[in-house]
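Each residue of the sequence shown is one higher than the one before, counting from 2 in the numbering used here.
Each residue gets a CB set at the ideal place from its N, CA and C atoms; glycine is no exception.
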Amino acid sequence: MIKLIASDIDGTLVPDGSDKINQEIFPVILQLKKQGIYFVAASGRQWKSIERLFGPIKDEIFYIAENGAYVGARGRELFTVPMAPDVVKEIIKDARKIPECDLMLSGKDIIYIESKNQVFIDYLILGYHNEVKQVEDLEEVNEIILKASVYHQGYNAFQAAGGIIIPKWGKRLKVVTAGKEWLDIMEPQVNKGAALCEIQESLGILPEETMAFGDNLNDMELLGRAKYSYAIGNAREEIKKAANYLADTNVKDGVLKVMRTLLEKNGIQ
Numbered sequence: 002m003i004k005l006i007a008s009d010i011d012g013t014l015v016p017d018g019s020d021k022i023n024q025e026i027f028p029v030i031l032q033l034k035k036q037g038i039y040f041v042a043a044s045g046r047q048w049k050s051i052e053r054l055f056g057p058i059k060d061e062i063f064y065i066a067e068n069g070a071y072v073g074a075r076g077r078e079l080f081t082v083p084m085a086p087d088v089v090k091e092i093i094k095d096a097r098k099i100p101e102c103d104l105m106l107s108g109k110d111i112i113y114i115e116s117k118n119q120v121f122i123d124y125l126i127l128g129y130h131n132e133v134k135q136v137e138d139l140e141e142v143n144e145i146i147l148k149a150s151v152y153h154q155g156y157n158a159f160q161a162a163g164g165i166i167i168p169k170w171g172k173r174l175k176v177v178t179a180g181k182e183w184l185d186i187m188e189p190q191v192n193k194g195a196a197l198c199e200i201q202e203s204l205g206i207l208p209e210e211t212m213a214f215g216d217n218l219n220d221m222e223l224l225g226r227a228k229y230s231y232a233i234g235n236a237r238e239e240i241k242k243a244a245n246y247l248a249d250t251n252v253k254d255g256v257l258k259v260m261r262t263l264l265e266k267n268g269i270q
């Protein structure tokens, strides 16, 4: 019996960076909860961005934010995994060497940037609806940092930044693509699957009772925590091979279709 559903957001529920979600998913999530099935939104996004996207039901779901470095519910932090301050400062220096890329640092509640790239700024604020603070020098930010992210406007973050970031940090930290334009850097134990495991254990729910959806490499561990693991139709081939099932694409509401089928099986139309 399914007791928990976890879904990635960007590329899975919505196109990357979109603030538009099919609101028909909200009553479905509420109906599933009445049946004892919890919903977890799992994303590389800031938790405030997730709450805004799921506004009408934000108090009815769990959220895994910052690729697993932040877990919360009802506007409350459940746990976080901060990065070491000295490591963050070194990453800032490395990122400044990468042409045509911008860096953001994810604090618990605020994203910090020093970029003057207006396209990047608008994408963070108008697309993701993040809380963003522009500073003169990221090295002067004296806050807990959960994640560093390199952004490439030409959708080649791994190609542009990988040659500098991967050789130095690939074995010391968790470095993963989160869509073609993002390269995320976190503490090595951080991933969506580890965060989902914390929620599963707190609720007494097994992987055999869990369903999960994803499309990109930062969803690999998330799918690994669910017997009913789905790659959506537009997912990377690595994710399709790792998943046990295949759903329709994000633009065709693949996740919503599977969730509706689950409701129908439980006798709810």
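Among A195, E209 and P208, which one has its Cα closest to the Cα of N219? Along the sequence shown, read from residue 1 onward, the residue named residue 219 stands at position 218. Nearest option by C-alpha distance: A195.
Would you call the region 35-42 and the region 54-72 in contact, with 3 or more CB pairs under 8 Å? yes
Close-in-space but distant-in-sequence residues of the same chain around S50 (CB under 6 Å, 5 per side omitted): Here residue 50 is taken as the residue at index 49 of the sequence shown, counted from 1. The residues are Y129, H130 and N131.
Give the range of the alpha helix (DSSP H) segment to which G215 is assigned. The sequence position of residue 215 within the sequence shown is 214, counting from 1. Run containing G215: none in the alpha helix (DSSP H); it sits in the beta strand (DSSP E), T211 to G215.
Ordered along the chain, which non-local residues of its own chain (more than five positions away) have a Cβ less than 7 Å from that of G69? In the sequence shown, counting from the first residue as 1, residue 69 sits at position 68. Contacts found: V191, N192, K193, A195 and A196.
Beta carbon of C102, beta carbon of A161: below 8 Å? One-based indexing of the sequence shown puts residue 102 at position 101. One-based indexing of the sequence shown puts residue 161 at position 160. The answer is yes: Cβ separation under 8 Å.
How should Q119 be labelled, buried or exposed, when 16 other C-beta atoms within 10 angstroms of its C-beta is the threshold for buried? As a working note, residue 119 is residue 118 in the sequence shown. So Q119 ends up on the exposed side.
With 16 other Cβ atoms within 10 Å as the buried cut-off, status of I167: Start at 1 with the first residue of the sequence shown, and residue 167 comes out as number 166. I167 is exposed by the Cβ-count criterion.
Grouping DSSP H, G and I as helix and E and B as strand, with all else coil, what is I62? Your numbering for residue 62 matches position 61 in the sequence shown. If DSSP states are grouped into helix, strand and coil, I62 belongs with coil.
Alpha-carbon spacing of Q270 relative to L79, whole angstroms: Here residue 270 refers to the residue found at position 269 when the sequence shown is read from its first residue. Here residue 79 refers to the residue found at position 78 when the sequence shown is read from its first residue. Legend: pLDDT at Q270 = 47, less than 50; position of this residue unreliable, value from coordinates given subsequently. Between Q270 and L79, the C-alpha separation is close to 34 Å.
Between the C-alpha atoms of M84 and I92, what's the straight-line distance to the nearest angstrom? Here the question's residue 84 lines up with position 83 in the sequence shown. Here the question's residue 92 lines up with position 91 in the sequence shown. Cα to Cα, M84 sits roughly 11 Å from I92.
My output table needs one value for I112: the three-state DSSP class, helix, strand or coil. Stepping through the sequence shown from its first residue, residue 112 is reached at position 111. In this structure, I112 counts as strand in the three-state DSSP scheme.
Please report the straight-line C-alpha distance between L127 and P86, rounded to a whole angstrom. Stepping through the sequence shown from its first residue, residue 127 is reached at position 126. Stepping through the sequence shown from its first residue, residue 86 is reached at position 85. Each residue's alpha carbon lies about 29 Å from the other.
Outcome for T211 when other beta-carbon atoms lying within 10 angstroms are tallied against a minimum of 16: Locating residue 211 in the sequence shown gives position 210, where the first residue counts as 1. The C-beta of T211 has 16 or more other C-beta atoms within 10 Å across all chains shown, which makes the residue buried.
Strand pairing of K266, partner residues [DSSP]: The residue given as residue 266 occupies position 265 in the sequence shown. For K266, which the question treats as bridged, DSSP gives no partner whatsoever.
Count Cβ pairs between the region 218-238 and the region 20-29 that sit closer than 8 Å; are there 3 or more? no
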